[in-house]
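According to full-length UniProt numbering, the residues represented by the sequence shown are 416 to 668, in order.
Glycine residues also receive a C-beta, built at the ideal position from the N, C-alpha and C atoms.
Reading through the structure tokens given below for one structure.
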Amino acid sequence: AQLERRLRRALDSGAFRLHYQPVVTLGGAESSTFEALLRWTDAELGPVEPDRFIPAAESSGLIVPLGHWVLEEACRQLRGWHDAGHESFRVSVNVSPLQFEQATFVDDLTATLERHGVSPAALTLELTERLIVRDLSGAQHKMKALRACGVEVWIDDLGAGQTALSYLLRLPLSGVKIDRSFVQTLDDTGTGQMVQAMVALARALKLGVVAEGVETPEQLRSMQTLGCEQVQGFLLGRPMPAEAVVPWVGGRA
Ligand code: G
Ligand code: G
Ligand code: MN
Ligand code: NA
Numbered sequence: 416a417q418l419e420r421r422l423r424r425a426l427d428s429g430a431f432r433l434h435y436q437p438v439v440t441l442g443g444a445e446s447s448t449f450e451a452l453l454r455w456t457d458a459e460l461g462p463v464e465p466d467r468f469i470p471a472a473e474s475s476g477l478i479v480p481l482g483h484w485v486l487e488e489a490c491r492q493l494r495g496w497h498d499a500g501h502e503s504f505r506v507s508v509n510v511s512p513l514q515f516e517q518a519t520f521v522d523d524l525t526a527t528l529e530r531h532g533v534s535p536a537a538l539t540l541e542l543t544e545r546l547i548v549r550d551l552s553g554a555q556h557k558m559k560a561l562r563a564c565g566v567e568v569w570i571d572d573l574g575a576g577q578t579a580l581s582y583l584l585r586l587p588l589s590g591v592k593i594d595r596s597f598v599q600t601l602d603d604t605g606t607g608q609m610v611q612a613m614v615a616l617a618r619a620l621k622l623g624v625v626a627e628g629v630e631t632p633e634q635l636r637s638m639q640t641l642g643c644e645q646v647q648g649f650l651l652g653r654p655m656p657a658e659a660v661v662p663w664v665g666g667r668a
């Protein structure tokens, strides 16, 4: 409850920030998609981990206004990058089930995009399996509307939860992000085959694939060998403040 009060105050006082982590396409194409990640430094508590405050924001319902702020801020930032000549930059935003389940979610999102003059094609939403399990038909309905307006939807943390694989067939998805636990246990028996199977499934469904949590050159080589076309992780780029993104891209060119 105390954390909740602090969260509410942080939201009112503009204490949240977004950091951006690059999603890198292997073998060529310039990297221009960045995952937006919430950061919060409380005056007394210091930096608070999202793994701690997001569950608190979810259980209190604060995740709804906080999630609105995240989308607003991501669109504002996209507009800034596009205006500065980085028209290819895209942002991927994590959306909590409670926020996605709001009846006005799709309308609010399209209004935010319009207000900032940002193309829907510049935005990806990352949804977790939890959401689909809760309300498959509601998720289908909203995802169809999002796809129709040009916003991509990806499944985050694939393999970490309880998705029935059949759900992947029934949703208008653009891609899947393989949970970092797979990348981090590649030496275990069967993990490589599991990743290969997820990649094959994604290919068959014409979905993109991102391997998350790549921290070492060995992991990068393995994921490449297993057929992952895109990777994300500390080895390639840590989450960074917005102002570090353009220099980061420049440093790779
Ligand atoms: O950035 P970090 O790895 O510490 O994030 C921890 C968790 O918090 C991840 O599961 C991530 O998806 C989640 N998270 C980070 N930013 C956001 C956000 O803006 N909205 C939601 N709903 N979750 C987020
Ligand atoms: O659940 P989600 O995939 O959205 O979580 C994203 C979180 O993963 C971010 O908070 C980010 O800080 C973290 N992350 C990104 N790359 C790595 C990595 O290479 N290793 C670890 N341990 N965490 C990572
Ligand atoms: Mn994510
Ligand atoms: Na993830």
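N- and C-terminal bounds of the alpha helix (DSSP H) containing residue i
i: residue 497; result: 478-498
i: residue 425; result: 417-428
Close-in-space but distant-in-sequence residues of the same chain around residue i (CB under 6 Å, 5 per side omitted)
i: residue 645; result: 438, 440, 625
i: residue 587; result: 558, 559, 562
Residue i to residue j span [Cα, whole Å]
i: residue 628; j: residue 649; result: 7 Å
i: residue 450; j: residue 506; result: 6 Å
i: residue 515; j: residue 508; result: 12 Å
i: residue 456; j: residue 513; result: 24 Å
i: residue 638; j: residue 568; result: 22 Å
i: residue 435; j: residue 422; result: 21 Å
i: residue 543; j: residue 616; result: 18 Å
i: residue 400; j: residue 546; result: The requested residue 400 is not part of the displayed model; the chain covers only 416 to 668.
i: residue 465; j: residue 503; result: 28 Å
i: residue 630; j: residue 555; result: 34 Å
Contact belief for residue i with residue j at Cβ below 8 Å, rounded distance in angstroms
i: residue 656; j: residue 432; result: 7 Å
i: residue 493; j: residue 533; result: 5 Å
i: residue 687; j: residue 528; result: The displayed coordinates of the chain run from 416 to 668. Any statement about residue 687 would go beyond what the structure contains.
Cutoff 7 Å; reference residue i; Cβ partners in own chain excluding five residues on either side
i: residue 418; result: 468, 471
i: residue 573; result: 591, 592, 593, 594, 613
i: residue 599; result: 628
i: residue 485; result: 433, 451, 453, 508
i: residue 463; result: 455, 457
Limits of the unbroken beta strand (DSSP E) element including residue i
i: residue 463; result: 461-463
i: residue 504; result: No beta strand (DSSP E) holds residue 504; DSSP gives it neither H nor E.
Neighbourhood of residue i by C-beta distance below 8 Å, restricted to the same chain and skipping five residues each side
i: residue 596; result: 574, 575, 628
Minimum Cβ-Cβ distance from residue i to chain D less than 8 Å
i: residue 658; result: Structure shown: chain D not included; a single protein chain is present.
> Which ranges would you report for the beta strand (DSSP E) in the stretch 514-585 if only whole runs of at least 3 residues count?
Replying inline: List check, beta strand (DSSP E) in window: 538-543, 567-573.
> In chain order, which continuous runs of the beta strand (DSSP E) of length 3 or greater are located wholly inside the stretch 602-653?
Replying inline: 623-626
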